[in-house]
Amino acid sequence: MAAGGAVLAFFIVLPLVSSPFGQHVLILTFLFAMCGVAWNVMGGYAGMFSFGQASFFGIGAYTSSFLLLTFRVSPWIGLAAGGIISSLLAAAIGYPCSKLRGHYFAIASIAFAEIVRIVFTNWQLVGAAEGLTIPMLKESFAHFMFHSSKLPYYYIILAFLLLAVAVCHWVSTSKMGYYFQAIKESHEVAQVLGVDVVRYRLYAIMISAFLTSMAGTFYAQYILYIDPDSVMILPISVQIVLVAMLGGASTVLGPVVGAAVLVPLSEYSRAWLGYKGTGMDMIIYGTLITVISMYQPDGVWGAITNRMRRSK
Amino acid sequence: MLIGLVYSLLAIGLTLIWGVMNVLNFAHGDFLMIGMFLSYWLYGLAGVDPLFSVPINAVALFLLGVFIYRFIISKVMKGPPLAQLVVTFGVSIFLSNLAALIWTPDFRTIGHTLLSGTWDIAGIELSVPKLVTAIVSVLTSLGIFWFLRNTRTGKAILAVEMDREAALIMGINAERINSLSFGIGSALTGVAGAMLATYYYIYPFVGGTFGLICFCIVALGGFGSIEGAFIAGILVGVVETLGGYLLDPSYKLAIVFAMYLVTVWIRPQGLRGW
């Protein structure tokens, strides 16, 4: 507990001594950490490997932005609305997919996310391919908008991340978490033991979708411009999976560690190499993914905790 | 609609890899892209018509496939399932961006090939390159069917696909079959790439969409089913063309993906899966 407090204090002070770009990297790190933790609820614990999280991320971003633009609704209400819409949509698509496993589920999640992306790219009401520009408002917490400093964004996303971690911790220690793991091991066995497989799979998907959608709303308010190519594409979904896998799927803090390694690496390599527009940063990124899958497939966090357990 | 037959060919390669070693190759579309560029450069630098670069492509992509299997895929086969899913994403990002670095992200086309032109059959204008591409694709698919059914190696591949342990007991070298299947699956993208180069745009990220469509086809056809992939490929080609014509061309991919979701809702194992 004391260690946890020290870590938290460190993260509260850290942005105060960072450059603006450093703060930006930290914010993105927490954003993807949050998405990774959300992915873990359905992927790591319940065994549903979703490669379509960008759809929920995008719906969160679009819902709050659309409500703000059209009806002047506060992004905080938009955040809740986006979460609810994402969860309902997740349930609507998760139900027919409830028999799918492994690769079939992964492909179905990609297919779903691509449909969402194509619809938004052609939907005039939400700006189609041009996307939405979030209107400039006076900076305030109620408007979820800050111009003079990145710090408020930093503390908000830190709070969001803590919420996601708390939810994931609660899931992993509750009865539901054990149900999820039973389902992950075997549908049939879980069913025989009296677990309502379809219902608990839906719970996992809905929790995951809600949290991912929150991250999407945050992204929209932070960047202040969204289009389908920036919030709904497959590479975002893949990055979310990578964060979870690199850190260690089915551990509460794994995705946080994964994001802390992957996001700064890709942001700094983009800053150093990406400006030429040659895609050198992406080549390194691709190599990194391949190497991690080959040599550290259980994740960094998993390796660390295993070593600690062994040394005890 | 003829594009469906190319989809079939690509999907057969993908389903072969999936069926034999339970690996989803997300870099399949990027292999196709490399095949297209290979034909482009053979044409541009050596004047080889894409039609004649088919065998060269097949051999080159076969070797690339075996190389990637040996040095990357085989290393993650024993690892957790998630790593097996993610690793080929890494290969895909690497290959497409490497192509963009070397050849720039511009769109290219091969100006004039042996096949350029159209045939006018009873008032219907038929593009010759599209027609010949479809014919070559069907012939290659049939060739693969024949190979799998009638040769010792082909039968060994099918045996591993059906039951890996039993095949091992029968003395089949599964490791060799794996790399062979990966090579053959990749070689098929080489054939498709050479043929598509006769009329399609060639650019580093062309593989993305093809890859995604192929996944749907393979899952639609059913786990590792070669016939299923062939039928589903044609079906997707028809649905894509008709859907684009009847609704809106920008929605044609969405229609294909929706069809996939509806199908697996009714039949989770795909059309010909078990």
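One line per chain: the protein sequences are L and V, in this order. To convert, count from 1 in the first sequence and add 1; that's my numbering. To convert, count from 1 in the second sequence and add 44; that's my numbering. Beta carbons: idealized from backbone N, C-alpha and C, even for Gly.
Alpha helix (DSSP H) runs contained entirely in the stretch 223-268 of chain L, provided each spans 4 or more residues: Every alpha helix (DSSP H) stretch that sits fully inside the stretch 223-268 of chain L and reaches 4 residues is listed by chain position as 229-232, 235-248.
Span separating the alpha-carbon of V/T177 from that of L/G132: Looking up residue 177 of chain V in the second sequence gives position 133. Looking up residue 132 of chain L in the first sequence gives position 131. In this structure, the straight-line span from the alpha carbon of V/T177 to that of L/G132 is close to 38 Å.
Please confirm whether V/G288 has its beta-carbon closer than 9 Å to some beta-carbon of chain L. Taking the first residue of the second sequence as 1, we reach residue 288 of chain V at position 244. V/G288 does not count as touching chain L.
Any residues in the stretch 118-135 of chain V with a beta carbon nearer than 9 Å to a beta carbon of chain L? Which ones, in chain order? Flagged, chain order: K119, V120, G123, P124, P125, L126, A127, Q128, L129, V130, V131, T132, F133, G134, V135.
One question on the structure: do V/E284 and V/I299 come within less than 9 Å of each other, judged by their Cβ atoms? Numbered from 1 along the second sequence, position 240 holds the residue referred to as residue 284 of chain V. Numbered from 1 along the second sequence, position 255 holds the residue referred to as residue 299 of chain V. Yes, they are a contact pair.
When you compare the CB positions of V/C61 and V/L108, do they come within less than 9 Å of one another, or not? Along the second sequence, one-based indexing puts residue 61 of chain V at 17. Along the second sequence, one-based indexing puts residue 108 of chain V at 64. One detail in the question is off: residue 61 of chain V reads as Ile in this sequence, not Cys. No. Outside cutoff.
Quick check: what's the CA-CA separation for L/I241 versus L/Q54? In the first sequence, counting from the first residue as 1, residue 241 of chain L sits at position 240. In the first sequence, counting from the first residue as 1, residue 54 of chain L sits at position 53. Between L/I241 and L/Q54, the C-alpha separation is close to 7 Å.
Cβ neighbours of V/L53 in the same chain (closer than 6 Å, five flanking residues each side left out): Counting from 1 along the second sequence, the entry for residue 53 of chain V is found at position 9. Cβ within range, chain order: S181, T184, S185, L232, A236.
For L/W124, does the three-state DSSP call read helix, strand or coil? What you label residue 124 of chain L is simply residue 123 of the first sequence in a count that begins at 1. Looking at L/W124 - three-state DSSP - the assignment turns out to be coil, as it is neither helix nor strand.
Looking at C-alpha atoms only, which residue of V/A273, V/E169, V/L159 is the closest neighbour of V/R316? As a working mapping, residue 316 of chain V is identified with position 272 in the second sequence. The residue with the shortest Cα to Cα distance from V/R316 is V/A273.
So, helix, strand or coil for V/D150, using DSSP? Here residue 150 of chain V is taken as the residue at index 106 of the second sequence, counted from 1. V/D150: coil per DSSP, three-state reduction.
For V/E169, three-class secondary structure by DSSP: Here residue 169 of chain V is taken as the residue at index 125 of the second sequence, counted from 1. If DSSP states are grouped into helix, strand and coil, V/E169 belongs with the strands.
How about V/I168: is its C-beta nearer than 9 Å to some C-beta of chain L? As a first step, residue 168 of chain V is located in the second sequence; it is residue number 124 there, counting from the start. Judged by the 9 Å Cβ criterion, V/I168 is not in contact with chain L.
For L/L133, which of helix, strand or coil comes out of DSSP? By 1-based counting over the first sequence, the position of residue 133 of chain L is 132. In the displayed model, L/L133 falls within a strand according to three-state DSSP.
Anything in chain V within Cβ reach of L/Y286, meaning under 7 Å, just list it in chain order. If you number the first sequence from 1, residue 286 of chain L lands on position 285. In chain order: I137.
C-beta atoms of V/I47 and V/G281 nearer than 9 Å: Reading the second sequence from its first residue, position 3 is the one you call residue 47 of chain V. Reading the second sequence from its first residue, position 237 is the one you call residue 281 of chain V. Against a cut-off of 9 Å, the Cβ pair of V/G281 and V/I47 comes out as a contact.
Just reading off the alpha helix (DSSP H) that L/Y46 is part of, what are its end residues? Position 45 of the first sequence, counted from the start, is the residue given in the question as residue 46 of chain L. Run containing L/Y46: none; DSSP gives neither H nor E here.
With 9 Å set as the bound, which would you pick, yes or no: does the beta-carbon of L/L235 sit closer than that to a beta-carbon of chain V? As a first step, residue 235 of chain L must be located in the first sequence, where it is residue number 234. At a cut-off of 9 Å, the C-beta of L/L235 has a neighbouring C-beta in chain V.
Closer than 7 Å between beta carbons: that is the criterion. Which residues of the stretch 225-250 of chain L meet it against chain V? For the stretch 225-250 of chain L, the set of residues with a beta-carbon nearer than 7 Å to any beta-carbon of chain V comprises V239, V242, L243, M246, A250, in chain order.
Step through the CB atoms of chain V and report whether any lies within less than 9 Å of the CB of L/M49. Residue numbering aside, residue 49 of chain L sits at position 48 when the first sequence is read from its first letter. For L/M49, the nearest beta carbon of chain V is not closer than 9 Å to its own beta carbon.
Residue burial classification, L/V190 (beta-carbon count within 10 angstroms, cutoff 16): For this step, residue 190 of chain L is matched to residue 189 along the first sequence. Counting the other CB atoms within 10 Å of its CB gives L/V190 a total below 16, which places it among the exposed residues.
In this structure, what does DSSP give as the bridge partners for V/W163? Residue 163 of chain V sits at position 119 when you count from the first residue of the second sequence. Beta-bridge pairing links V/W163 to V/L170.
Compare the C-beta of L/H188 against all C-beta atoms of chain V and say whether one is closer than 9 Å. Counting from 1 along the first sequence, the entry for residue 188 of chain L is found at position 187. Not closer than 9 Å to any Cβ of chain V, the Cβ of L/H188 fails to qualify, so no.
So, is L/H104 buried or exposed, given that buried needs 16 or more other C-beta atoms within 10 angstroms? Mapped onto the first sequence, residue 104 of chain L falls at position 103. By the 10 Å Cβ count, L/H104 comes out buried.
Quick one, which of L/T30, L/A4, L/G300 has its alpha-carbon nearest L/P16's? The count along the first sequence starts at 1 and reaches residue 16 of chain L at position 15. Closest by alpha carbon: L/T30.
Counting Cβ pairs closer than 8 Å, one from the stretch 125-137 of chain V and one from the stretch 292-300 of chain L, do we hit at least three? Taking a contact to require three or more Cβ pairs closer than 8 Å, the stretch 125-137 of chain V and the stretch 292-300 of chain L qualify as touching.
For the pair the stretch 199-213 of chain L and the stretch 25-43 of chain L, tell me if three or more CB-CB distances fall below 8 Å. Here the stretch 199-213 of chain L makes contact with the stretch 25-43 of chain L; the two share three or more CB pairs at distances below 8 Å.
Three-state secondary structure (DSSP) at L/S141? Residue 141 of chain L sits at position 140 when you count from the first residue of the first sequence. If DSSP states are grouped into helix, strand and coil, L/S141 belongs with the strands.
Determine, for V/F151, whether the minimum Cβ-Cβ distance to residues of chain L falls below 9 Å. For this step, residue 151 of chain V is matched to residue 107 along the second sequence. Output row for V/F151: interface = no.
Could you list which residues in chain V have their beta carbon closer than 7 Å to that of L/K100, in chain order? Position 99 of the first sequence holds residue 100 of chain L. Within chain V, the residues near L/K100 are P312.
I'd like to know if L/G44 contacts chain V, where contact means its C-beta is closer than 9 Å to some C-beta of that chain. As a working note, residue 44 of chain L is residue 43 in the first sequence. Chain V, which has a Cβ nearer than 9 Å to the Cβ of L/G44, makes this yes.
Measuring alpha carbon to alpha carbon, tell me which residue in V/G88, V/V67, V/F106, V/I310 is nearest V/L224. Numbered from 1 along the second sequence, position 180 holds the residue referred to as residue 224 of chain V. For V/L224, the closest of V/G88, V/V67, V/F106, V/I310 by C-alpha to C-alpha distance is V/F106.
Starting from the C-beta of V/G265, find all residues in its chain whose C-beta is less than 6 Å away, skip the five residues before and the five after it, and write them out in chain order. If you number the second sequence from 1, residue 265 of chain V lands on position 221. Excluding sequence neighbours, V/G265 sits near G272, A273, A276, G314, L315, R316.
Which chain V residues are close to L/P298, counting only those with a beta carbon under 9 Å from its beta carbon? Here residue 298 of chain L is taken as the residue at index 297 of the first sequence, counted from 1. Residues of chain V passing the Cβ test: V120, G123, P124, L126, A127, Q128, V130, V131.
Using three-state DSSP, classify V/I116 as helix, strand or coil. Start at 1 with the first residue of the second sequence, and residue 116 of chain V comes out as number 72. Judged by DSSP in its simplified three-state form, V/I116 adopts helix.
Compile a chain-ordered list of the residues in the stretch 234-259 of chain V whose CB is closer than 7 Å to at least one CB of chain L. Those residues of the stretch 234-259 of chain V that come within reach of chain L (Cβ to Cβ, closer than 7 Å) are L256, F259.
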